[in-house]
């Protein structure tokens with residue numbers, strides 16, 4: 072078997088913000104939220120406390136199936152120090168909120184145009200959660216740059232399967248139980 076991860080579908084619709092992004096994302100009406108494009112592709116530009124959100128359904132799992140499974144978010148962003156308040160807030164249907172502050176975050180490569188967040192674990196998701204809401208928040212001030220964000224991808228990462236028993240014709244092969252189990 073391979074240790075390579077198998078990618079599933081992205082739970083986020085229009086995470087690259089094409090011109091019809093607002094069919095899937097809701098703008099709170101505050102501030103400035105508009106799409107733009109540069110040599111890296113399309114992105115969403117937000118400032119003046121703009122908030123854009125999208126709700127998606129979670130996978131229906133039992134507590135046992137959910138054990139060890141995690142939702143993870145990845146995206147690219149630019150902020151250029153345009154003020155406090157920029158970030159992403161992840162809300163579960165059970166009421167837990169997890170903020171990712173992008174206003175004061177020092178990028179991995181300060182001179183790079185786009186800073187990646189490769190795989191950020193969304194904590195506290197339980198089997199009882201029916202949905203997750205992503206809230207993208209623009210900075211408090213209204214600079215010319217604001218928060219730029221794109222390539223939003225949410226994946227469910229499952230615990231790797233472990234073969235414990237296989238039957239081939241009439242012969243059964245079982246994995247030995249560890250001594251300390």
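Residue numbers (this note's numbering): 72 to 252.
For every residue, glycine included, the Cβ atom is placed at its ideal position computed from N, Cα and C.
Spanning the alpha carbons of residue 110 and residue 228 requires a straight line of approximately 31 Å. For the options 79, 84 and 116, the alpha carbon positioned closest to that of residue 185 is the one of 116. A direct Cα-to-Cα measurement between residue 121 and residue 132 gives close to 34 Å.
Its chain contains 102, 103 and 213 as the residues whose beta carbon lies nearer than 6 Å to that of residue 119, once the 5 sequence neighbours on both sides are disregarded; these appear in chain order. In the structure shown, residue 136 falls within a helical segment according to DSSP collapsed to helix, strand and coil. When Cβ pairs closer than 8 Å are counted between the two stretches, the region 216–231 is seen to touch the region 84–97, the count reaching three or more. Proximity of the region 123–132 to the region 233–248 falls short of the contact definition, fewer than three beta-carbon pairs being nearer than 8 Å. The Cβ neighbour count for residue 100, taken over all protein chains shown within 10 Å, is under 16; the residue is labelled exposed.
In the assembly as shown, residue 148 is a buried residue. Its beta-carbon has 16 or more other beta-carbons within 10 Å. Assigned with DSSP and collapsed to three states, residue 184 falls in coil, not helix or strand.
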